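Working notes, structure below.
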Amino acid sequence: DRDLACDINVNNTLALHNTRLIRNYVRIDPRVRPLAMVVKHWARRRVLNDAAKGGTISTYTWTCIILNFLQMRKPPILPVLHNLPHDDVEPILVNGEDASFFENVETLSEFGSDNKESLGGLLFEFFKRMAFEFDYDNHVISLRQGKYLTKAEKGWDTCKGWKMLCVEEPFNTARNLGNSADDVSVNGLRDEFRRAYNILYDSASLDKLCEEYHFPSPYNNYYYQNRNYNNNNNKRG
Numbered sequence: 001d002r003d004l005a006c007d008i009n010v011n012n013t014l015a016l017h018n019t020r021l022i023r024n025y026v027r028i029d030p031r032v033r034p035l036a037m038v039v040k041h042w043a044r045r046r047v048l049n050d051a052a053k054g055g056t057i058s059t060y061t062w063t064c065i066i067l068n069f070l071q072m073r074k075p076p077i078l079p080v081l082h083n084l085p086h087d088d089v090e091p092i093l094v095n096g097e098d099a100s101f102f103e104n105v106e107t108l109s110e111f112g113s114d115n116k117e118s119l120g121g122l123l124f125e126f127f128k129r130m131a132f133e134f135d136y137d138n139h140v141i142s143l144r145q146g147k148y149l150t151k152a153e154k155g156w157d158t159c160k161g162w163k164m165l166c167v168e169e170p171f172n173t174a175r176n177l178g179n180s181a182d183d184v185s186v187n188g189l190r191d192e193f194r195r196a197y198n199i200l201y202d203s204a205s206l207d208k209l210c211e212e213y214h215f216p217s218p219y220n221n222y223y224y225q226n227r228n229y230n231n232n233n234n235k236r237g
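In structure tokens:
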């Protein structure tokens, strides 16, 4: 009994493109895979990666957030594959638009070489970004464009369907990957980002960072409001 979790897609060609896009990004820089693995392990231990049942966000959404973070480092660690010339690639039509991307990533192995940040430094900066720097009220995370968009330009700032966390799906750009998390859940996510930042700031203990979260009893669907972390003394580095 291996207790393995997996996603099964039937007749969903878009999922194949998603997988190929992520695989290509991971191949560009040796820091991408371990950073994603640590963040996703942390998210799993803190019960933050269950879009279907837990009202949080999916593993795929976490991956898009991490890759966008690496695109936006200064200097960048990852390029924007959708923006690089790729006339030799077969078009991927989604809602009438070509969503194809550059795939000859072997030529990009030195792309992030000017950025000397360590894996530990990137992990710390990731939590700092999501805890303190990202503007949840106005910004949209865009892996497809390698930057932040605004909710206003996406039309995601209206009351109908408004969500605090907005992550643009890189192929179907009309879809918000963050729509599985309501405002209460997003506030819980932000508490967790602050908790992670403070732990790394104080001790850099991965064991403490990834301590398993246990639901309060009795179980409460909106358990995030019960995550009473002492973040009043948030540190900024």
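Going by the UniProt record's numbering, the sequence shown opens with residue 1, and the numbers climb by one from there. Glycine residues also receive a C-beta, built at the ideal position from the N, C-alpha and C atoms. On a predicted model such as this, the values are computed, not experimentally measured, just so you know.
Rounded to whole angstroms, what's the CA-CA distance from C210 to S118? Just pull it up for me. Straight-line Cα distance between these residues: approximately 19 Å.
Output yes or no for whether 9 Å exceeds the beta carbon distance between R33 and V39. The answer is no: Cβ separation not under 9 Å.
Determine the DSSP secondary structure at residue 267, reduced to helix, strand or coil. The requested residue 267 does not occur in the structure, where the chain is confined to residues 1 to 237.
Relative to the C-alpha of F193, which candidate in F126, K116 and E168 has its C-alpha closest? When only C-alpha atoms are compared, the closest one is F126.
Quick check on V39: does DSSP put it in helix, strand or coil? Taken through DSSP and simplified to helix, strand or coil, V39 comes out as helix.
Counting C-beta neighbours from all protein chains within 10 Å, is the total for A99 16 or more, i.e. buried, or is it exposed? The residue in question, A99, is buried, as its Cβ has 16 or more Cβ neighbours within 10 Å.
Entirely enclosed alpha helix (DSSP H) segments - the segment 57-85, minimum 4 residues: Here the runs fully enclosed are 59-71.
Please classify Y148: does DSSP put it in a helix, a strand, or coil? Under the three-state reduction of DSSP, Y148 is assigned to strand.
Do L149 and T61 have their C-beta atoms closer together than 9 Å? The Cβ-Cβ distance between L149 and T61 does not fall below 9 Å.
Of the residues L81, M37 and T63, the one placed nearest Q145, counting alpha carbons only: Looking at the Cα atoms, L81 is the closest of the given residues.
Rounded C-beta distance between F171 and N18? I'm assuming under 8 Å. That pair is a contact at about 7 Å.
For my contact list, K151 and C166 are in at a C-beta cut-off of 8 Å; report their separation, rounded to the angstrom. The pair is a contact, with the Cβ atoms about 6 Å apart (cut-off 8 Å).
For V94, count the other beta carbons within 10 Å of its own beta carbon; 16 or more makes it buried, fewer makes it exposed. Which is it? That one is buried.
Rounded C-alpha distance that separates K154 from T173: Spanning the two alpha carbons is a distance of roughly 9 Å.
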